[in-house]
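Remarks on the structure that follows.
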Amino acid sequence: MKIIAESGSTKTDWVIVKNQAEVIRLTTGGYNPNYFPPSALEQSLAEFTHQLDVEQVASIHFYGSGCSTEASQNLVSEILKKQFPAAQAEVHHDLFGAARALFGRGSGIASILGTGSSSCVLTEGAITSAIPSLGYLLADEGSGTNIGKLLLNAYFKNELPPATQHEFEIEYAGELPDFIPRLYARQDPASFIASFVPFVVARRREDFAQKLVRKAFENFFDEIIAKYEKAGSYPLGFVGSIAHLFADTLLETATERGMHISTIIRKPIDALVKFHSA
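The following block contains the structure:
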């Protein structure tokens, strides 16, 4: 039996496979070892471990947000090994999971546009270059957090169309009083900022929404993709809810820069299950 997991700051997708067949598939809360305590991952595991004979789990392939250092990978591996002592635990950054889901053992520029953003060059199945992902405080261009920041800035600075400004106030009446103190008191400010993106999604054909999203994607291409050597010679692949929901704008932004997007997928988990079942 094997477990494949793809985890971001907002949610984690789990698939348990036995004899090439899925026996459990579920989504739990997100986990990032940089922002959340180990108990957050332990609580997610508790949602399904009671359904398994843990001694039969032979391998775990965990791709997680924030799992880019040896220290963070070891931390996650220790949590997993406590629950599944007989298993070999393989922990990788979620960016490597995205790259494998998009290109397998091939080559291309793989990017995540979800709550956060990141990218890398994959060459014959190995990451050979990556612009540093500096997180929501410094970067995360093109992400849900980036779009949420642009929306919130536009609202608080009265830059939204009057009718849209009013709609925002009605929809988020419970979130706006004392907004700044509440934002900085949260454990997960990036996810909270990104939680305003559905307002843009629901109005994505409106001029203000298209301008917000276009600005975020242009920043991503100019600050990230364009910095890879010979970026135009690679196929581009994207995973994540933001890439999926705003695919038309993403494709237009790439085309304007003479680049080709070969694949956009919302969730990498299905492709990762196939990769580890081959």
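Per the numbering used here, numbering of the sequence shown is gapless, rising by one per residue and ending at 281. The beta-carbon is built from N, C-alpha and C at its ideal position, and this holds for glycine as well. This one's a predicted model, so the numbers in the text were calculated from it and none came from an experiment.
Euclidean distance between Cα positions of residue i and residue j
i, j, result
"S42", "L116", "27 Å"
"E170", "V26", "44 Å"
"F278", "G100", "10 Å"
"F65", "P184", "35 Å"
"S71", "L78", "11 Å"
"K3", "E58", "Absent from the structure is residue 3, since the part of the chain shown begins at 4 and ends at 281."
"T252", "Q213", "8 Å"
"G67", "A74", "13 Å"
"E81", "L98", "21 Å"
"Q46", "K14", "13 Å"
"I63", "E226", "35 Å"
"A113", "C123", "5 Å"
"R207", "I245", "12 Å"
"M4", "K21", "4 Å"
"A188", "F182", "10 Å"
"A89", "Q23", "19 Å"
"Y231", "L140", "23 Å"
"L179", "Y158", "10 Å"
"E172", "I272", "36 Å"
"M262", "I134", "18 Å"
Identity of the residue in the options nearest residue i by Cα
i, options, result
"A257", "I150, A188, A229, S71", "A229"
"K270", "K233, R206, L105", "L105"
"L248", "E162, F202, T52, I6", "F202"
"A274", "E255, D251, V242", "V242"
"K218", "S244, G147, T15", "G147"
"G33", "L55, S280, P40, S10", "S10"
"G138", "E209, N37, N22", "N37"
"S120", "E144, I112, G111", "E144"
"G69", "H96, I134, S114", "H96"
"Q76", "T31, A188, E93", "E93"
"P40", "Q168, M262, Q190", "Q190"
"N149", "M262, H263, S198", "S198"
Whole-number beta carbon distance between residue j and residue i, since they are thought to touch under 8 Å
i, j, result
"L153", "L215", "5 Å"
"Q91", "A61", "7 Å"
"V200", "G151", "6 Å"
"F211", "P164", "6 Å"
"I19", "L55", "7 Å"
"S12", "T118", "5 Å"
With 16 other Cβ atoms within 10 Å as the buried cut-off, status of residue i
i, result
"E132", "In the sequence on display, residue 132 carries Ser and not Glu. Its Cβ having fewer than 16 others within 10 Å, S132 is exposed."
"L125", "buried"
"K233", "exposed"
"H160", "For clarity, residue 160 is Lys in the given sequence; the question names His instead. Result: exposed."
"S290", "The requested residue 290 does not occur in the structure, where the chain is confined to residues 4 to 281."
"N35", "buried"
"H53", "exposed"
"L44", "buried"
"L2", "The question about residue 2 has no answer here: the residues shown for the chain are numbered 4 through 281."
"G177", "exposed"
"A142", "buried"
Beta-carbon contacts of residue i that lie in its chain and below 6 Å, excluding the five residues immediately before and after
i, result
"T266", "L105, G240"
"R103", "F278"
"I268", "V242"
"G128", "R108"
8 Å Cβ shell around residue i - same chain, five flanking residues per side excluded
i, result
"L186", "P192, F195, I196"
"E221", "T256"
"E162", "N156"
"I130", "L98, F99, A102, C123, V124"
"A250", "I267"
"E174", "F202"
"V276", "I7, V18, V20, E25"
Contacts around residue i, its chain only, beta-carbon distance under 7 Å, and the 5 residues preceding and following it disregarded
i, result
"R260", "F224"
"L29", "W17, E50, F51"
"Q168", "Y158, N161"
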